[in-house]
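In our numbering, the protein residues as written are 1442 to 1727.
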């Protein structure tokens, strides 16, 4: 299997590269980014300048590149739309035209904020935030193309994610963490995301829908994450709880509850508790 990884210098892409290096079904990875360490340079503001002929031998394009900060997408809307929508659609269309299968990293933000709603793959996407509208625009453009699939990520937890790394740093410095509440997501861990990508490159044609909701079975708050860290680290994390001002929720809902109709049916991920999943992620620290 030959894979082109777009956004190869990104946070999740780093975990993918580690896994690809030991995955028997993967025999070549082409790293594409605007970072100087990439094997092929891509600026999504100028996608027409990319040499698309190098995709001719690729079986899959894993598209992780994006401006993903919800606040930045709101504050710099035109710039972020150019990257996240215009440039992204241009690149993906070119890849599809060269018969690549494209796995696009989307988000639970595509669903919007309907009180009490639990979103599935069949739910209507009614994105309200700028970031959500950008991800939805790409999904809508290609949803009828059989060579395109999207994975909608909930909050991805790892030892390197912004919140957990902040908590770990507070523990190290013996400082109290300030935790925003309420803020709930069906959190997943980064190893889950990697496993989902591996499943798709080995079982693409078996999956019936164009999108998969990559979500844990439990609705998790940041307080729950902090408490789980204390379970693993003997209550070393001190924290206070604060309610963010309205601007924080302007670009992200307080609660996004998402589940998958297919995750267990197709055996894509193990059915484990959040405690088990986080414990496994933390084991990589030792």
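The beta-carbon is built from N, C-alpha and C at its ideal position, and this holds for glycine as well.
Run of the alpha helix (DSSP H) containing residue i, from where it starts to where it stops
i, result
"residue 1614", "1603-1614"
"residue 1641", "1631-1644"
"residue 1512", "1511-1516"
"residue 1453", "1452-1461"
Exposure of residue i, with buried meaning 16 or more beta-carbon neighbours within 10 Å
i, result
"residue 1599", "buried"
"residue 1511", "buried"
"residue 1607", "exposed"
"residue 1614", "exposed"
"residue 1590", "buried"
"residue 1616", "exposed"
"residue 1516", "exposed"
"residue 1570", "buried"
"residue 1631", "buried"
"residue 1560", "buried"
Alpha carbon of residue i to alpha carbon of residue j, nearest angstrom
i, j, result
"residue 1671", "residue 1595", "23 Å"
"residue 1721", "residue 1633", "11 Å"
"residue 1587", "residue 1501", "13 Å"
"residue 1541", "residue 1497", "8 Å"
"residue 1624", "residue 1694", "8 Å"
"residue 1643", "residue 1686", "45 Å"
"residue 1536", "residue 1543", "7 Å"
"residue 1503", "residue 1679", "39 Å"
"residue 1627", "residue 1715", "9 Å"
"residue 1546", "residue 1688", "26 Å"
6 Å Cβ shell around residue i - same chain, five flanking residues per side excluded
i, result
"residue 1531", "1488"
"residue 1726", "1600"
Where the beta strand (DSSP E) containing residue i begins and where it ends
i, result
"residue 1542", "1542-1548"
"residue 1621", "1618-1621"
"residue 1721", "Unbroken run through residue 1721 is the alpha helix (DSSP H), 1715-1723; no beta strand (DSSP E)."
Sequence-distant residues of its chain with Cβ nearer than 7 Å to residue i (five each side left out)
i, result
"residue 1508", "1514, 1521, 1524, 1525"
"residue 1582", "1530"
"residue 1466", "1442, 1642, 1643"
Residue i (DSSP reduced to helix, strand or coil)
i, result
"residue 1673", "helix"
"residue 1700", "coil"
"residue 1683", "strand"
"residue 1534", "helix"
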